Amino acid sequence: MADEIKTGAYICKGCDLGNRLNTDQLEMIATREGRVASAKSHDFLCGAEGVKMIQDDLDSGESNRVVIAACSRRAKTDAFNFAGVPMSRVNLREGVIWVRPDEDEAQETTQEMAEDYVRMGCAEIKFMSTPKASEEQGTNRHVLVVGGGITGMTAAIEAARAGYQVSLVEKTDALGGTTGQLYKRAPTRAPYADPEDTGVTELAQMLEDDDKVTIYLNSILSSSDGAPGRFDIEITTGDATQSISCGSIIQASGQTEFDANQLTEFSYADAPDVITQLEMEALAKAADGGPVKRPSDGKEVQNVVFVQCAGQRSDKEGHLSYCSGHCCNTSIKQAMYLKDNAEAAAEGSSIDVQTTILFTDLRTPGAGGEDFYRSGQNKGVTFRKGSVSGVSADAKVSFSDLILDEDDTIDADLVVLATGMIPNSGRNNEREDELAAQKTQLEAENKEVPQEILDEIAIPVESILNLKYRQGSDLPQLVSGFNDSHFICFPYETRRTGIYAAGPTRRPMDTQQAQEDATGATMKAIQAIENAGQGMAAHPRAGDLSYPSFRKEGCTQCKRCMMECPFGAIGFDEKGFPEYNEARCRRCGTCMGACPVRVISFENYSIDSVGQQIKACDIPDEFDEKPRLLVLACENDAYPALDMAAQNRFEYSAFVRVVPVRCLGSVNTIWITDALNSGYDGVVLMGCKKGDDYQCHFVKGSEMAHMRMSKIADTLQTLNLEEERVAVHEVAITDIHRVPELINDMAKTIDEIGMSPFKF
Amino acid sequence: MSDIVATNETILVVGGGISGISAALEAAEAGKQVILVEKNAYIGGRVTQLHKYFPKLCHPTCGMEINQRRAKTNPNLTILTMAEVTDISGDKGDYSIKVKLKPRYVNNNCTACGQCTDAVDAEFDSEFNYGLNQRKGAYIAYNNAYPQTYVLDERIIGTDDATKAKDACPADAIDLDMVEESIDLKAGAVVWATGWRPFDANKIQPYGYDRFDNVITNVEFERMNDLMGPTGGKVVRPSDGAEPKKIAFIQCAGSRDRNYLKHCSRICCMASLKQTHYVRENITDGTSDIYYIDIRAIDRFEDFYQKVQQDETVKFIKSKVAFITEGENNNPVLNGVDTEGYHRYANEYDMVVLAVGMEPSVNQSDFPVEIVMNEEGFIEMDEKNGGVFAAGCSSDALDVNRAVQSATASALRAVQVINQVGAVSPQNEGAK
Numbered sequence: 068m069a070d071e072i073k074t075g076a077y078i079c080k081g082c083d084l085g086n087r088l089n090t091d092q093l094e095m096i097a098t099r100e101g102r103v104a105s106a107k108s109h110d111f112l113c114g115a116e117g118v119k120m121i122q123d124d125l126d127s128g129e130s131n132r133v134v135i136a137a138c139s140r141r142a143k144t145d146a147f148n149f150a151g152v153p154m155s156r157v158n159l160r161e162g163v164i165w166v167r168p169d170e171d172e173a174q175e176t177t178q179e180m181a182e183d184y185v186r187m188g189c190a191e192i193k194f195m196s197t198p199k200a201s202e203e204q205g206t207n208r209h210v211l212v213v214g215g216g217i218t219g220m221t222a223a224i225e226a227a228r229a230g231y232q233v234s235l236v237e238k239t240d241a242l243g244g245t246t247g248q249l250y251k252r253a254p255t256r257a258p259y260a261d262p263e264d265t266g267v268t269e270l271a272q273m274l275e276d277d278d279k280v281t282i283y284l285n286s287i288l289s290s291s292d293g294a295p296g297r298f299d300i301e302i303t304t305g306d307a308t309q310s311i312s313c314g315s316i317i318q319a320s321g322q323t324e325f326d327a328n329q330l331t332e333f334s335y336a337d338a339p340d341v342i343t344q345l346e347m348e349a350l351a352k353a354a355d356g357g358p359v360k361r362p363s364d365g366k367e368v369q370n371v372v373f374v375q376c377a378g379q380r381s382d383k384e385g386h387l388s389y390c391s392g393h394c395c396n397t398s399i400k401q402a403m404y405l406k407d408n409a410e411a412a413a414e415g416s417s418i419d420v421q422t423t424i425l426f427t428d429l430r431t432p433g434a435g436g437e438d439f440y441r442s443g444q445n446k447g448v449t450f451r452k453g454s455v456s457g458v459s460a461d462a463k464v465s466f467s468d469l470i471l472d473e474d475d476t477i478d479a480d481l482v483v484l485a486t487g488m489i490p491n492s493g494r495n496n497e498r499e500d501e502l503a504a505q506k507t508q509l510e511a512e513n514k515e516v517p518q519e520i521l522d523e524i525a526i527p528v529e530s531i532l533n534l535k536y537r538q539g540s541d542l543p544q545l546v547s548g549f550n551d552s553h554f555i556c557f558p559y560e561t562r563r564t565g566i567y568a569a570g571p572t573r574r575p576m577d578t579q580q581a582q583e584d585a586t587g588a589t590m591k592a593i594q595a596i597e598n599a600g601q602g603m604a605a606h607p608r609a610g611d612l613s614y615p616s617f618r619k620e621g622c623t624q625c626k627r628c629m630m631e632c633p634f635g636a637i638g639f640d641e642k643g644f645p646e647y648n649e650a651r652c653r654r655c656g657t658c659m660g661a662c663p664v665r666v667i668s669f670e671n672y673s674i675d676s677v678g679q680q681i682k683a684c685d686i687p688d689e690f691d692e693k694p695r696l697l698v699l700a701c702e703n704d705a706y707p708a709l710d711m712a713a714q715n716r717f718e719y720s721a722f723v724r725v726v727p728v729r730c731l732g733s734v735n736t737i738w739i740t741d742a743l744n745s746g747y748d749g750v751v752l753m754g755c756k757k758g759d760d761y762q763c764h765f766v767k768g769s770e771m772a773h774m775r776m777s778k779i780a781d782t783l784q785t786l787n788l789e790e791e792r793v794a795v796h797e798v799a800i801t802d803i804h805r806v807p808e809l810i811n812d813m814a815k816t817i818d819e820i821g822m823s824p825f826k827f
Numbered sequence: 003m004s005d006i007v008a009t010n011e012t013i014l015v016v017g018g019g020i021s022g023i024s025a026a027l028e029a030a031e032a033g034k035q036v037i038l039v040e041k042n043a044y045i046g047g048r049v050t051q052l053h054k055y056f057p058k059l060c061h062p063t064c065g066m067e068i069n070q071r072r073a074k075t076n077p078n079l080t081i082l083t084m085a086e087v088t089d090i091s092g093d094k095g096d097y098s099i100k101v102k103l104k105p106r107y108v109n110n111n112c113t114a115c116g117q118c119t120d121a122v123d124a125e126f127d128s129e130f131n132y133g134l135n136q137r138k139g140a141y142i143a144y145n146n147a148y149p150q151t152y153v154l155d156e157r158i159i160g161t162d163d164a165t166k167a168k169d170a171c172p173a174d175a176i177d178l179d180m181v182e183e184s185i186d187l188k189a190g191a192v193v194w195a196t197g198w199r200p201f202d203a204n205k206i207q208p209y210g211y212d213r214f215d216n217v218i219t220n221v222e223f224e225r226m227n228d229l230m231g232p233t234g235g236k237v238v239r240p241s242d243g244a245e246p247k248k249i250a251f252i253q254c255a256g257s258r259d260r261n262y263l264k265h266c267s268r269i270c271c272m273a274s275l276k277q278t279h280y281v282r283e284n285i286t287d288g289t290s291d292i293y294y295i296d297i298r299a300i301d302r303f304e305d306f307y308q309k310v311q312q313d314e315t316v317k318f319i320k321s322k323v324a325f326i327t328e329g330e331n332n333n334p335v336l337n338g339v340d341t342e343g344y345h346r347y348a349n350e351y352d353m354v355v356l357a358v359g360m361e362p363s364v365n366q367s368d369f370p371v372e373i374v375m376n377e378e379g380f381i382e383m384d385e386k387n388g389g390v391f392a393a394g395c396s397s398d399a400l401d402v403n404r405a406v407q408s409a410t411a412s413a414l415r416a417v418q419v420i421n422q423v424g425a426v427s428p429q430n431e432g433a434k
């Protein structure tokens, strides 16, 4: 064991660094001030020879940690790849010479910039050690699937095919879910012309025959706790409860058809012959290829109208704002039931069933969708662009034909409402907390609690997962109650590691998409198991072995870390000390940023690893007129934007010192306070967009940072400093022109308000 | 390239766009050995050429940065750029694959300093910018391209420019003696993710893309709005460089049309709705008119559509435009009938954006292995495909979110094959 820290600092002279900078001086600074064991320069450090020089030193034991003073940490990662060796990358190229003019008068400040970065790298490396897998890991190649509809069944069979054990929990007495209630489904294969069998029966049989799969019918998840790789689950079946353990969870809780009783304008509640799509499936099932009979009097239907977007795509109270995605194809399919059945019954005679689909936008995307639409047209289904104003109790449909620009009615004998879907996403814990807080506050102020708040609180919602997490019983919800990730690029990243939502609980979708989605979620579920087994983080820091630990003696049990963790990774014990569940942790460091007593750290990222960099900078005295600006930049977006600005040689102030952070959420206010106390004149924080359309890769990190920084004003006041000295910006990775401007703006501000009085 | 180790436990991913990268990373992050083969000199594919994503209006580079970092830090993943699969033989669980590697003329010494670009004179149409501007003969496709290694255009090889580039390189990274290579790989399963190409707008003769300067495509419009793009983020009329005010978007340009693409390309409605945001943000007093058949803002995208409908600068006209003529000042004039009320129109605009659809990149006849395709050219899921699984837009016209879903699913299908043939598998835990 190399206990003694022996840091080798390696300074590159390539890419013009040798011409622009005094590298001898940088070597001296690394040795004298940075206290490294050795400092060497090389003409071309990332070349084979340069890399060999470093590797030889590591092999001989001359160094066991390295500081690479060359290009950005994002560049040349293949060359500078020394497994298991702590490394600090000092960005002299994109961070210094590429953003400074190559002019004699700029040389002094440019050199100072480089020197500070070398000091910072040497300071950081002292507080970095090699992360090792935690003691907590377990590999449990067992996937739990919640929900036995088409999504859950597909996830179960796919996981089994990958070789994993599966437990499938279904609350009803049979597998199949909504898809099991369908007569047929829209086609999933070319030529996409006719409805096809749902495949549910075969799938259920396959699951029953598979010895890797255990099916729990009439069962619910009554408790789930633990972390990826070691979830402890209780399954309750009737009065009996049994415990199992699993490595990851797929939530396939499906959807519920929108309650058509709310659609009074369509007479659903009073008219037996006004039905929903799911009720139409039941009629078709009953008919089984024969004529479909209407509910009121059993008459064979001859004129059927389908009303698309019933209670959907609407901002009316109680309606769904979104489009449910499947209903256009579903109506085409149901119209085909009628057409095909009539044709079969009549055997070529002219008896026909009129089928009319009234739509505003017909949505049948992709190759299959459009082919199916055309097939519907070929079969004689009538499509009219129309906006339905009402349906009478005797099934007369009034609508405005948008093509002919006139009002019309159809005297139908059956009306099918395409009402759409509502996700079964469990309890919305965030909303519950919000409502409870509002109620408590109003009561404390002796004000009356509005009825709508009481009503909303009174609506019982069943939990799907019954998570024992401190952060709530279910997956967090986003827009319209879906358990979605809200990431375009990373659709499966929920805020509860190792628990993946699939199917219509995530976004509206049809059966084919649900099956595809289930397969994708299964990929993530088995991946979570494999990574947890090795103590590795899940997305986006996949493979990261570092994890947070805390110093118990300093902890004040304030629970801020638990509250701010975006991923519900932290619990607390009976004494109120935090309990980290490393396998749930995404390593963003938001807990570290939140901790008011600074007891949380990672092996290679800590209050010190950043704080000491800030302190390592040389702060010129007030009369030098060289201000110092600190930029804490999110490494995911702001830092790459700065790199790209440098690639384009966009210049910015030489007085700035940039420190990349894992997420703005990891920024602890002590860094700001320390910076200001030690004479920095301004601090700029650059993180990702927060809010509903957040771009923060750790979901809430940026938001948390903004919240903390809003309180920094107090600190500034105590220090008797101007508020303008600290700025927080939302920055996108493409803000290549803007990031230098933000830095220069702060430089200008300091120019105007003057230097900090805290110079020593 | 002899150092690539590939066995029948390796997964080969063909295509390094968002689908291919996602499939490759998901499998690699589950511990599988993956080789990704990409035809271009960089990974990322079409999404890198987009300015923003719908519906969040965020930037593709943001997610790509994360994917690049995942790729950089994952020891299970090998990426081959400028590489094309020329042959696949064998069966599920045991494929032999031939890959052609085109010469880059730049080796791993490259530090992306850019001095070669400054040294050469020759310029060529920029493929990355759909020919809207020119790039040098020594170049990198875009700022954040990965790998960060320059390329010499083969057209400068043998010219003075090649020598100039070589002489300018301080890292000895330029190797003019590189030649095309062919390598043999083994793989147990293949994820096919070669994506899409924009439908060739020249084929839609009535719209005159080939004749009228101010008729452009939606993919070109994306590049124009990128601050780092060919026009520095300015929307300009190709005819005179002026800023257009009145812009028309024509939906289903090529799509949902038996003469061109039978299918609905799914993304174009949302793309145009998104592009109306660009018009509002980047053009003072700019207006957008959308000519459409159906607005297919499916599922939660509906919210986005609702917001655009509230925008007073955007108008919706239900009509399939019949043809375009050119009026004064090179202004395109749209002719057709507004089907909501049947009004004949001849509307003049400053610029027209054709919402061209997507067609699969690889034709069936060019496939290196037998594959089941539908009439539209998308790969169907079929037992006959053995261990070859389509991901993303090889399987259907998909948006980014759905493409990644599809890719993740295909990664699992490949993993299933590997787990069946492999020595290291959940069934055989002792080996681990």
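First to last, the protein sequences are chains E and Z.
Each residue of the first sequence is one higher than the one before, counting from 68 in this note's numbering.
Each residue of the second sequence is one higher than the one before, counting from 3 in this note's numbering.
The beta-carbon is built from N, C-alpha and C at its ideal position, and this holds for glycine as well.
Only a predicted model underlies this, so the values are computations on that prediction, with no experimental measurement involved.
Where the alpha helix (DSSP H) containing residue i begins and where it ends
i	result
residue 169(E)	That residue, residue 169(E), is in no alpha helix (DSSP H); it is neither H nor E in DSSP.
residue 556(E)	Premise fails: residue 556(E) is in no alpha helix (DSSP H) and is neither H nor E.
residue 811(E)	805 to 820
Cutoff 8 angstroms: residue i Cβ touching any chain E Cβ
i	result
residue 55(Z)	yes
For residue i, the first and last residue of its enclosing beta strand (DSSP E)
i	result
residue 217(Z)	217 to 219
residue 698(E)	696 to 701
Interface flag, residue i vs chain Z, CB-CB below 8 angstroms
i	result
residue 591(E)	yes
residue 469(E)	yes
residue 82(E)	yes
residue 339(E)	no
residue 284(E)	no
Beta carbon of residue i nearer than 8 angstroms to that of residue j
i	j	result
residue 719(E)	residue 810(E)	yes
residue 408(E)	residue 356(E)	yes
residue 14(Z)	residue 189(Z)	yes
residue 282(Z)	residue 313(Z)	yes
residue 19(E)	residue 281(E)	The structure shown does not extend to residue 19(E), since chain E is modelled only from 68 to 827, so the question has no answer here.
residue 400(E)	residue 260(E)	no
residue 227(Z)	residue 234(Z)	no
Interface residues of chain Z facing residue i [CB-CB closer than 7 angstroms]
i	result
residue 433(E)	265, 266, 268, 398, 399
residue 380(E)	304
residue 144(E)	74
Should the segment 134 to 142 of chain E be called in touch with the segment 152 to 169 of chain E, which here means at least 3 C-beta pairs below 8 angstroms? Yes, since at least three Cβ pairs between the segment 134 to 142 of chain E and the segment 152 to 169 of chain E fall closer than 8 angstroms, the two stretches touch.
Mind the definition here: the segment 121 to 138 of chain Z touches the segment 58 to 68 of chain Z only if three or more C-beta pairs lie below 8 angstroms; say whether that holds. Result no; under three Cβ-Cβ pairs closer than 8 angstroms.
Decide if the segment 326 to 341 of chain Z is in contact with the segment 215 to 227 of chain Z; the criterion is three or more beta carbon pairs, one per stretch, under 8 angstroms apart. Taking one beta carbon from each stretch, the segment 326 to 341 of chain Z and the segment 215 to 227 of chain Z have 3 or more pairs nearer than 8 angstroms; the two touch.
Pairs of beta-carbons, one from the segment 736 to 755 of chain E and one from the segment 544 to 554 of chain E, closer than 8 angstroms: are there three or more? No contact exists between the segment 736 to 755 of chain E and the segment 544 to 554 of chain E.
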